[in-house]
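Below is one structure; the comments refer to it alone.
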């Protein structure tokens, strides 16, 4: 079965169960999944109930779609994403983003928990993603191009839409929430980075590092979606402090940041919805 055939099969399965057309798709990163509980929920759909759909195996990722409204904006939310390090083919990792596009979403709003590489960042900061670097991670467009989604050689000069970035920046300013701006680096994981790798990341221009997001942004951009993203800096990366890194620390920091995160995401989506 080709990647496109699998995508169509998933799409038909979801449409047979859910009658809802989202405008904005939101992916919730590690420790941020509770946001979906705060919206006006209309439907939930477990990934396990979608034939052929990859399922998340990571603690803190519930593994379901939530359909509903943020204000008056119809949204589909991924409570838990699929990662390349879980052993899935890259075409499966980006299948959810492509599926949400087929369901009607025009905007993909990506979030994640990351390690801070920029020495000016601290744990708990929010970083608006202005650009990304994908390193050691297979490009999701490798293989036969899916012409039904996009062109063979898509432009990536503005992966994270400037108008959407301006909207999010304005929302943060009005809510008096400090919002950093920076470049996100995706590595494969699942091991945290070594101090030498963090020095490399800083040298090539990264401000935060993680194990997701860039591949999804590439696939969404290829499929014609407008993309934006916020990274929750859950800790300072290896070598920047004396503390060893743990997934529990990532979740704990995300939990502490959750109230401000909810406010920022909600206000941003409401403002984005007015532009669609």
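Numbering (this note's numbering), first residue to last: 19 to 294.
For glycine and all other residues, C-beta sits at the position ideal for the given N, C-alpha and C.
Here the structure is a predicted model, which means the values were calculated and not measured.
C-beta atoms of residue i and residue j nearer than 8 Å
i, j, result
"residue 198", "residue 146", "yes"
"residue 101", "residue 231", "no"
"residue 88", "residue 63", "no"
"residue 158", "residue 218", "no"
"residue 41", "residue 115", "no"
"residue 118", "residue 94", "yes"
"residue 195", "residue 282", "yes"
"residue 74", "residue 65", "yes"
"residue 288", "residue 144", "no"
"residue 192", "residue 49", "no"
"residue 39", "residue 121", "yes"
"residue 254", "residue 105", "no"
"residue 53", "residue 208", "no"
"residue 156", "residue 239", "no"
Unbroken beta strand (DSSP E) run spanning residue i, endpoints
i, result
"residue 86", "82-88"
"residue 27", "Counting along the chain, residue 27 falls outside any beta strand (DSSP E), though it belongs to the alpha helix (DSSP H) covering 21-35."
"residue 199", "197-204"
"residue 92", "91-97"
DSSP three-state assignment for residue i, whether helix, strand or coil
i, result
"residue 159", "coil"
"residue 126", "strand"
"residue 116", "helix"
"residue 225", "coil"
"residue 147", "strand"
"residue 278", "helix"
"residue 286", "helix"
"residue 57", "coil"
"residue 248", "strand"
"residue 291", "helix"
"residue 136", "coil"
"residue 43", "strand"
"residue 219", "helix"
"residue 141", "coil"
Nearest candidate by alpha-carbon position, reference residue i, set the options
i, options, result
"residue 186", "148, 211, 206 and 229", "148"
"residue 226", "104, 234, 211 and 43", "211"
"residue 290", "34, 44 and 37", "44"
"residue 286", "126, 251, 242 and 24", "126"
"residue 294", "240, 66, 90 and 35", "90"
"residue 154", "252, 65, 228 and 278", "228"
"residue 16", "166, 284 and 275", "The question about residue 16 has no answer here: the residues shown for the chain are numbered 19 through 294."
"residue 86", "56, 165 and 223", "56"
"residue 181", "22, 152 and 245", "245"
"residue 23", "138, 92 and 113", "113"
"residue 136", "238, 203 and 239", "203"
"residue 179", "236, 222, 58 and 139", "236"
"residue 177", "156, 201 and 190", "201"
"residue 206", "221, 223, 233 and 220", "233"
Distance cut-off 7 Å: residue i Cβ against heavy atoms of the ligand MG
i, result
"residue 23", "For the ligand MG, the structure offers nothing, since it holds no ligand at all."
Contact set for residue i: own chain, Cβ-Cβ below 7 Å, skip 5 residues either direction
i, result
"residue 27", "69 and 70"
Residue span of the alpha helix (DSSP H) that contains residue i, given as start and end
i, result
"residue 188", "180-192"
"residue 238", "232-240"
"residue 111", "108-111"
Residues near residue i by beta carbon distance below 6 Å, same chain, minus five either side
i, result
"residue 47", "129, 130 and 131"
"residue 170", "163"
"residue 21", "109"
"residue 81", "65, 73, 74 and 98"
Beta carbon proximity, residue i to chain B, threshold 8 Å
i, result
"residue 176", "The chain labelled as chain B is not found in the depicted structure, where only one protein chain is given."
Sequence-distant residues of its chain with Cβ nearer than 8 Å to residue i (five each side left out)
i, result
"residue 242", "119, 167 and 168"
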